[in-house]
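Asks:
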Amino acid sequence: MKFLVFISTQSGEQHWKGQADSLHQAEEKALTSIDAHSKTISDTSICCQWHWQYNPELGDTEHCNTCGNPVYWVDEEYYCSYCVEVLRRVEADGQLYSR
1 MKFLVFISTQ SGEQHWKGQA DSLHQAEEKA LTSIDAHSKT ISDTSICCQW
51 HWQYNPELGD TEHCNTCGNP VYWVDEEYYC SYCVEVLRRV EADGQLYSR
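Dropping the structure here:
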């Protein structure tokens, strides 16, 4: 799975983008990749497939194929933070996420 993790540090926000087998592993990799004394995760998202959906206020916007929530674009890939919350609950229950 491909993740995008945003980390707040004393010098501003940084991000880690990469592959991991679980959400927990992705966030650990992200934290260890950033050299800072104080760092906290501000957002984690997972790479997703998306579709256009009409929004009366904004026109067509991108939405996740899995959960239907809005997604955002980073480096020609789309990421969904809503699916991460589902993944977080699955991992907290001790279940493995099927790829």
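Each step along the sequence shown adds one to the number in the UniProt record's numbering, with nothing skipped, and position 60 is 60.
Where is the CB? At the ideal position from N, CA and C, for every residue including glycine.
When you compare the CB positions of P56 and H63, do they come within less than 8 Å of one another, or not?
Replies: Here the question's residue 56 lines up with position 56 in the sequence shown. Here the question's residue 63 lines up with position 63 in the sequence shown. In terms of Cβ geometry, P56 and H63 do not form a close pair [threshold 8 Å].
Asks: Taking just the CA atoms, how far does D21 sit from R99?
Replies: For the purposes of this step, residue 99 is identified with residue 99 of the sequence shown, where counting begins at 1. For the purposes of this step, residue 21 is identified with residue 21 of the sequence shown, where counting begins at 1. Confidence at R99 is low in this model, with a pLDDT of 38, below 50, so its placement is unreliable and the value that follows should be read with caution. Taking the straight line joining both Cα atoms gives about 8 Å.
Asks: Taking Y72 as the reference, which of L31, V90, C48 and A26 has the closest Cα?
Replies: Residue 72 sits at position 72 when you count from the first residue of the sequence shown. Ranking the options by Cα distance to Y72, first place goes to C48.
Asks: Going along the chain, which residues of its own chain have a beta-carbon closer than 7 Å to the beta-carbon of E27, five neighbours each way excluded?
Replies: Against the sequence shown, residue 27 aligns to sequence position 27. Closer than 7 Å at the Cβ level, and outside the excluded window around E27, lie V5, I41 and T44.
Asks: Identify every residue that forms a DSSP beta bridge with S45.
Replies: Position 45 of the sequence shown, counted from the start, is the residue given in the question as residue 45. Beta-bridge pairing links S45 to L4.
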